[in-house]
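4 protein chains.
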Amino acid sequence: MKKIIAVCGSNAGDKNLNKEVLEIAERVGELIAEKGGILICGGLGGIMEAVAKGAKKKGGITVGILPYDKSKANKYIDIPLGTNLGFYRNYVIVNSADVIIGICGRWGTLSEISIAIAVAKPVILISTSKGISELFSKEEILEYFEEKPYIVNSPEEAVELAFKIKEINQN
Amino acid sequence: MKKIIAVCGSNAGDKNLNKEVLEIAERVGELIAEKGGILICGGLGGIMEAVAKGAKKKGGITVGILPYDKSKANKYIDIPLGTNLGFYRNYVIVNSADVIIGICGRWGTLSEISIAIAVAKPVILISTSKGISELFSKEEILEYFEEKPYIVNSPEEAVELAFKIKEINQN
Amino acid sequence: MKKIIAVCGSNAGDKNLNKEVLEIAERVGELIAEKGGILICGGLGGIMEAVAKGAKKKGGITVGILPYDKSKANKYIDIPLGTNLGFYRNYVIVNSADVIIGICGRWGTLSEISIAIAVAKPVILISTSKGISELFSKEEILEYFEEKPYIVNSPEEAVELAFKIKEINQN
Amino acid sequence: MKKIIAVCGSNAGDKNLNKEVLEIAERVGELIAEKGGILICGGLGGIMEAVAKGAKKKGGITVGILPYDKSKANKYIDIPLGTNLGFYRNYVIVNSADVIIGICGRWGTLSEISIAIAVAKPVILISTSKGISELFSKEEILEYFEEKPYIVNSPEEAVELAFKIKEINQN
Numbered sequence: 001m002k003k004i005i006a007v008c009g010s011n012a013g014d015k016n017l018n019k020e021v022l023e024i025a026e027r028v029g030e031l032i033a034e035k036g037g038i039l040i041c042g043g044l045g046g047i048m049e050a051v052a053k054g055a056k057k058k059g060g061i062t063v064g065i066l067p068y069d070k071s072k073a074n075k076y077i078d079i080p081l082g083t084n085l086g087f088y089r090n091y092v093i094v095n096s097a098d099v100i101i102g103i104c105g106r107w108g109t110l111s112e113i114s115i116a117i118a119v120a121k122p123v124i125l126i127s128t129s130k131g132i133s134e135l136f137s138k139e140e141i142l143e144y145f146e147e148k149p150y151i152v153n154s155p156e157e158a159v160e161l162a163f164k165i166k167e168i169n170q171n
Numbered sequence: 172m173k174k175i176i177a178v179c180g181s182n183a184g185d186k187n188l189n190k191e192v193l194e195i196a197e198r199v200g201e202l203i204a205e206k207g208g209i210l211i212c213g214g215l216g217g218i219m220e221a222v223a224k225g226a227k228k229k230g231g232i233t234v235g236i237l238p239y240d241k242s243k244a245n246k247y248i249d250i251p252l253g254t255n256l257g258f259y260r261n262y263v264i265v266n267s268a269d270v271i272i273g274i275c276g277r278w279g280t281l282s283e284i285s286i287a288i289a290v291a292k293p294v295i296l297i298s299t300s301k302g303i304s305e306l307f308s309k310e311e312i313l314e315y316f317e318e319k320p321y322i323v324n325s326p327e328e329a330v331e332l333a334f335k336i337k338e339i340n341q342n
Numbered sequence: 343m344k345k346i347i348a349v350c351g352s353n354a355g356d357k358n359l360n361k362e363v364l365e366i367a368e369r370v371g372e373l374i375a376e377k378g379g380i381l382i383c384g385g386l387g388g389i390m391e392a393v394a395k396g397a398k399k400k401g402g403i404t405v406g407i408l409p410y411d412k413s414k415a416n417k418y419i420d421i422p423l424g425t426n427l428g429f430y431r432n433y434v435i436v437n438s439a440d441v442i443i444g445i446c447g448r449w450g451t452l453s454e455i456s457i458a459i460a461v462a463k464p465v466i467l468i469s470t471s472k473g474i475s476e477l478f479s480k481e482e483i484l485e486y487f488e489e490k491p492y493i494v495n496s497p498e499e500a501v502e503l504a505f506k507i508k509e510i511n512q513n
Numbered sequence: 514m515k516k517i518i519a520v521c522g523s524n525a526g527d528k529n530l531n532k533e534v535l536e537i538a539e540r541v542g543e544l545i546a547e548k549g550g551i552l553i554c555g556g557l558g559g560i561m562e563a564v565a566k567g568a569k570k571k572g573g574i575t576v577g578i579l580p581y582d583k584s585k586a587n588k589y590i591d592i593p594l595g596t597n598l599g600f601y602r603n604y605v606i607v608n609s610a611d612v613i614i615g616i617c618g619r620w621g622t623l624s625e626i627s628i629a630i631a632v633a634k635p636v637i638l639i640s641t642s643k644g645i646s647e648l649f650s651k652e653e654i655l656e657y658f659e660e661k662p663y664i665v666n667s668p669e670e671a672v673e674l675a676f677k678i679k680e681i682n683q684n
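Residue numbers (the numbering used here), protein chains in the order written: chain A, 1 to 171; chain B, 172 to 342; chain C, 343 to 513; chain D, 514 to 684.
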């Protein structure tokens, strides 16, 4: 069974989304596709578009779990699911994934990372991607929590780790 | 954008699932794939397995929206999403589809058909497939309702109609 | 622990909602309150308003599970919960109740009745209240299904039965 | 219409839940009840139990939105709703509230705070209550975000502010 990897991160409009951060996302998408994983994401802009673009460059499969209307999906999404769940769709993304990679991100991404750790899904944050992924890579933050995300420093490390983490049983 | 077609019907265990009914489902899957549609279903057994089997025979893409654990997906599902939503996942299937085809079915299928019509998604029932799809093809039942499903008598009619119905706007 | 009873039925606009049918709903609300139950419903108009009105007449507690905005709640709802779940909120109503009473109803109500029976919640239909509650009281319909709703002919029978059905374990 | 105030915080088992933190929660519950608000929470132990206990001391109304089985509700919950939504129920709590007060908390609470801010619900954190409510009161954390929670230092400030914030329109 193919690995399903969710990538969570900022929608378009986040001022942290500079060229460097978007390239991290695109590279993550490429690597997921090269290793034969299925990419799942929120289907909109920003990180979601960059990661899907990367995956399609390498012939991967991209699934977008949209809040409402599937016509809002970015053009790199193969399978746009218009759930009509609004922000509740964040949980569908998290629950449907074997592992979650966080890139940049604001409050919406933080809700995904948080619920993922709360339900014991492995979470990998790329510390160099700004936003909450940078914030939650800091030791002084993580000491507030018993369960912690994995912290990596590059797309390569992130995807390699994602494929190494043993698939969790319950999902 | 590819048409997303949900097929809803009985899980394994329904005594109506004879060879003839399962062949209807398999044929629907074949036709969806041949016409380039994406099949979405509940990912389990019975009708869900037969329709996915048909779609894979013809090289189609199959998405399974599972109630809990994706390991329960039948072997013809390309993209198994383990939503952890339980029966709420029925609504995700309905909302994510452009059109819903009903084959056979019991209470669970009826919940999908009902909510689909309530939210103005087009529903097509194959009257020859037993269960609630047969029941809700009867004139004396349909007169109880203002909005009605489309009634067809074969897989060919069902899939042809599914691709002809104009994509609805809101999803 | 107080019994939580969901009443599901047509929203305002259903032409079946004549004086007689609304009186059935109002009477059901009165009886639930008199017996100390908590009424849960969809919080909008029609049957939902009539049943809540009845419950408040007798000093009961009324909970409305609204699709979006709680400001849409009818004036007899004590606790309006604006879930932002849209029609998915139908499932929250069903899952949160010990027992479901159906009065009149169209496709939306049928989705609630169907999913309730699918998840093994007891369902009681008042056969004299028109709509799908009348339809699904017919023997020739029920023979299509293995699991069946309870059929009663009056508000008194409905509420008496609702309080007699042993609370189910899983919820 | 009565104000609906959600209190989100750690379940039993969090080692931060000392006597002082639980007293903050209980005091918040008392104050919500005294001012005529309806308390909504996750219905389980820890902060959820302490805040409901406080509310009942002062004759308030308490609603518990449970993940699965309503029999798991703490004894101070008047209206236990067993949603069968699992952790998705966190979003129902957030969406159904006019305002959210955070007390202590771990990843689960952080998911609630995050989604609340993402959907523009006002969030008030009590900085003296440890856990993520303390963490997200820090200036060096908040500078990572454009939208910010309100930070207060006592139950009295929290509840006063909760009743002063103008009810938001969309819910």
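Every residue, glycine too, gets a C-beta built ideally from N, C-alpha and C.
Item to check | Which of helix, strand or coil DSSP assigns to Tyr663 (chain D) | outcome: Three-state result, Tyr663 (chain D): strand.
Checklist entry - Nearest to Lys229 (chain B) by CA position, among B:Pro238, B:Val294, B:Lys206 and B:Val323, is which residue? => result Taking only the C-alpha atoms, the option nearest Lys229 (chain B) is B:Lys206.
Checklist entry - What is the rounded straight-line gap between the Cα of Ile162 (chain B) and the Cα of Ile459 (chain C)? => result Residue 162 (chain B) is absent from the model: chain B starts at 172 and stops at 342.
Item to check | Local Cβ density within 10 Å of Glu489 (chain C), reported as buried at 16 or more and exposed below that | outcome: Glu489 (chain C) counts as exposed, since fewer than 16 other C-beta atoms from the protein chains shown sit within 10 angstroms of its C-beta.
Checklist entry - In chain D, what lies closer than 7 Å to Arg106 (chain A) by C-beta? => result Phe658
Checklist entry - If you draw a straight line from the C-alpha of Ile421 (chain C) to the C-alpha of Pro497 (chain C), how long is it? => result 24 Å
Checklist entry - Of all the options C:Ala375, C:Phe487 and C:Met390, which has the alpha carbon lying nearest to the alpha carbon of Ser352 (chain C)? => result Residue C:Met390 holds the alpha-carbon nearest to the alpha-carbon of Ser352 (chain C) among C:Ala375, C:Phe487 and C:Met390.
Checklist entry - Since Val605 (chain D) meets chain C, which of its residues come closer than 8 Å, beta carbon to beta carbon? => result Leu423, Thr425, Leu427 and Val434
Next on the checklist: Residues in the same chain with beta-carbon distance under 6 Å from Val636 (chain D), minus the five sequence neighbours each way, listed in chain order, please.
Outcome noted: Ile613, Ile626, Ala629, Ile630 and Pro662
Item to check | chain B residues whose Cβ lies nearer than 8 Å to that of Ile518 (chain C) | outcome: Nothing can be reported for residue 518 (chain C), as the shown portion of chain C is limited to 343 through 513.
Checklist entry - Any beta-carbon of chain B closer than 8 Å to the one on Ile418 (chain C)? => result Looking at the sequence shown, residue 418 (chain C) is not Ile but Tyr. So, not an interface residue.
Next on the checklist: Below 9 Å on C-beta distance, what does Val63 (chain A) contact in chain B?
Outcome noted: Val234, Ile250 and Leu252
Checklist entry - So, Val28 (chain A) versus Val51 (chain A), is the Cβ gap smaller than 8 Å? => result For the 8 Å CB-CB criterion, Val28 (chain A) and Val51 (chain A) form a contact.
Checklist entry - Can you name the residues of chain F whose CB is closer than 7 Å to the CB of Ala631 (chain D)? => result The structure shown has no chain F; the protein chains it does contain are A, B, C and D.
Item to check | Range covered by the alpha helix (DSSP H) that runs through Ile630 (chain D) | outcome: Secondary structure note for Ile630 (chain D): its alpha helix (DSSP H) is the uninterrupted segment Trp620 to Ala631.
Item to check | Simplified DSSP state of Thr128 (chain A), which is helix, strand or coil | outcome: Secondary structure at Thr128 (chain A): helix, using DSSP grouped into helix, strand and coil.
Item to check | Selected residue, minimal CA-CA separation from Ser96 (chain A), among A:Gly108, A:Leu81, A:Leu110 and A:Arg106 | outcome: A:Leu81
Item to check | Same chain, Cβ closer than 8 Å to Asn169 (chain A), five either side skipped, listed in chain order | outcome: Caution applies to Asn169 (chain A), whose pLDDT of 41 falls short of 50 and renders its modelled position unreliable; the model cannot decide the point.
Checklist entry - Leaving out the 5 sequence neighbours to the left and right, which residues in its chain are closer than 7 Å to Lys301 (chain B) when beta-carbon positions are compared? => result Asn187, Val192 and Cys275
Next on the checklist: Within a Cβ cutoff of 8 Å, which residues of the same chain sit near Ile312 (chain B), ignoring the five residues on either side of it in sequence?
Outcome noted: Result list for Ile312 (chain B): Leu306, in chain order.
Next on the checklist: Between the alpha carbons of Thr575 (chain D) and Phe658 (chain D), how many angstroms are there, rounded?
Outcome noted: 32 Å
Next on the checklist: Which runs of the beta strand (DSSP E) at least 3 residues long sit entirely within the segment 359 to 432 of chain C? Give them in chain order.
Outcome noted: 380 to 383, 403 to 408 and 421 to 424
Next on the checklist: Considering just the uninterrupted stretch of the beta strand (DSSP E) at Ile103 (chain A), what are its terminal residues?
Outcome noted: Val99 to Ile103
Next on the checklist: The alpha helix (DSSP H) that contains Ile483 (chain C), what's its start and end?
Outcome noted: That run of the alpha helix (DSSP H) goes Glu481 to Leu484.
Next on the checklist: Quick check: the Cα distance between Lys19 (chain A) and Glu656 (chain D), rounded to an integer number of angstroms?
Outcome noted: Rounded to whole angstroms, Lys19 (chain A) to Glu656 (chain D) spans 22 Å at the Cα level.
Item to check | Sequence-distant residues of the same chain with beta carbon closer than 7 Å to Ala329 (chain B), five excluded per side | outcome: Val199, Ile272, Ile295, Ile297 and Val323
Next on the checklist: Checking 8 Å against the spacing of the C-beta atoms, do Gly406 (chain C) and Ala415 (chain C) come in under that value?
Outcome noted: yes
Next on the checklist: Taking 8 Å as the threshold (C-beta atoms), are Thr280 (chain B) and Cys179 (chain B) in contact?
Outcome noted: yes
Checklist entry - Rounded to the nearest angstrom, how far is the Cβ of Ile347 (chain C) from that of Ala504 (chain C), given a contact under 8 Å? => result 5 Å
Next on the checklist: If you follow the alpha helix (DSSP H) that Ala158 (chain A) is in, where does it begin and where does it stop?
Outcome noted: Pro155 to Lys164
Checklist entry - Nearest to Val263 (chain B) by alpha carbon, out of A:Thr83, A:Gly42 and A:Gly45? => result A:Thr83
Item to check | Residue from D:Lys679, D:Glu673, D:Lys583 and D:Lys677 with nearest C-alpha to Lys345 (chain C) | outcome: The residue from D:Lys679, D:Glu673, D:Lys583 and D:Lys677 with its alpha-carbon nearest to that of Lys345 (chain C) is D:Lys583.
Item to check | Partner residues on chain C for Lys560 (chain D), Cβ-Cβ distance less than 7 Å | outcome: It is worth fixing the name first, because residue 560 (chain D) is Ile in this sequence and not Lys. Simply none; closest approach about 20 Å.
Checklist entry - Hey, does Ile115 (chain A) have any beta-carbon neighbour from chain D nearer than 8 Å? => result yes
Next on the checklist: Give me the residue from B:Ser308, B:Glu310, B:Glu197 and B:Ala291 with the minimum Cα distance to Ile336 (chain B).
Outcome noted: Distances from the alpha-carbon of Ile336 (chain B) to those of B:Ser308, B:Glu310, B:Glu197 and B:Ala291 put B:Ala291 closest.
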